[in-house]
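Structure first, then comments.
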């Protein structure tokens, strides 16, 4: 952590928490429900661990001793940098383990919010067979039941829906069906839809059209990996409509340009920042998720951003984006 000014980050951290959203609405963490105002500094798209690359039958198996020895100290470091909450995007059939997440959260003091949904990217390798023959309604019932009754026999509940579309191809029938199931889940539960979309503009157009046809406001939808899109006008247009633009590929080398665009357009209130990091990628070394604190915040402050801007992006926006509420298009 050389060349890192702890004073900058810690002073910002306390300012952020003091200015956080005052909503009394609740959100589900792996340790139970908290007020949305307790989220604090939040990373909106990370993976505490996943088994991406393994066969779908093996993704829920971990070497727990190795996992804990690697992930717990790292999350304690992140806690020291000011991270209060992490939205974990590892889905069921992709490595989600509510029991392990709960222990990690308890040990580190970092609030972890897990998801419901099936991951429809990666050439559909992590979609369970049951989804192909089931209707969108039947699939949504699985996810709604997790929200109502808990995950895997526990009383721990998801805080959002995670979905995905394959990169670089027309939306498949199964990915589209899963998105329709996600919309039904939102309409029943109010859970926000975080959808791996990346630079697939055809998938983006399908999703936004279906949202409109089903009277769901764009603010119920997060365009994840939007940082991969080269067409700035598309991002600005969707943010203007109310969608959440997730710039979740932050690294030391790409710190400021996209965020500058949204500040210039006065649309910082529709931006989410994260790294798409991984604390335990298929048993490998950590794919780090600390660049926002080690590099981005100091760089932004050198480039005309204020502490209020940082507060908006890392505290207020996640609280607004993930507030559990059914979001309808207002009609006159």
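Residue numbers (the numbering used here): 2 to 333.
The C-beta atom is built at its ideal place from N, Cα and C for all residues, glycine as well.
Residue 223 is positioned such that its CB atom lies closer than 8 Å to that of residue 194. For the segment 279-331, the continuous alpha helix (DSSP H) assignments of 4+ residues that do not extend past its boundaries occur at 298-303, 308-312 and 318-322, in sequence order.
With a beta-carbon spacing of about 6 Å, residue 125 and residue 175 fall inside the 8 Å limit used to define contacts. In this structure, DSSP gives residue 69 a helical state, which the three-state scheme calls helix.
Within a 10 Å sphere around the beta-carbon of residue 234 sit fewer than 16 other beta-carbons, which makes this residue exposed. Looking only at 130, 290, 73 and 135, the smallest Cα-Cα distance to residue 278 is reached by 290.
By a beta-carbon distance limit of 8 Å, residue 216 contacts residue 330. Their separation comes to about 5 Å. Inter-residue distance for residue 282 and residue 48 is about 8 Å (C-alpha atoms, whole angstroms).
Looking at the DSSP output, residue 223 sits in a beta bridge with 195 and 245. Under the rule that a run must span 3 or more residues, the beta strand (DSSP E) segments found entirely inside the segment 76-133 read 86-89 and 112-114.
When DSSP states are grouped into helix, strand and coil, residue 276 belongs to the coil group. Annotated three-state conformation of residue 214 is helix, per DSSP.
Within the segment 150-210, the complete alpha helix (DSSP H) segments of 4 residues or longer fall at 174-190, listed in chain order.
At a Cβ-Cβ threshold of 8 Å, residue 147 and residue 109 do not count as neighbours.
Look at the beta carbons and you see the segment 86-99 touching the segment 154-162: at least three pairs across the two are nearer than 8 Å.
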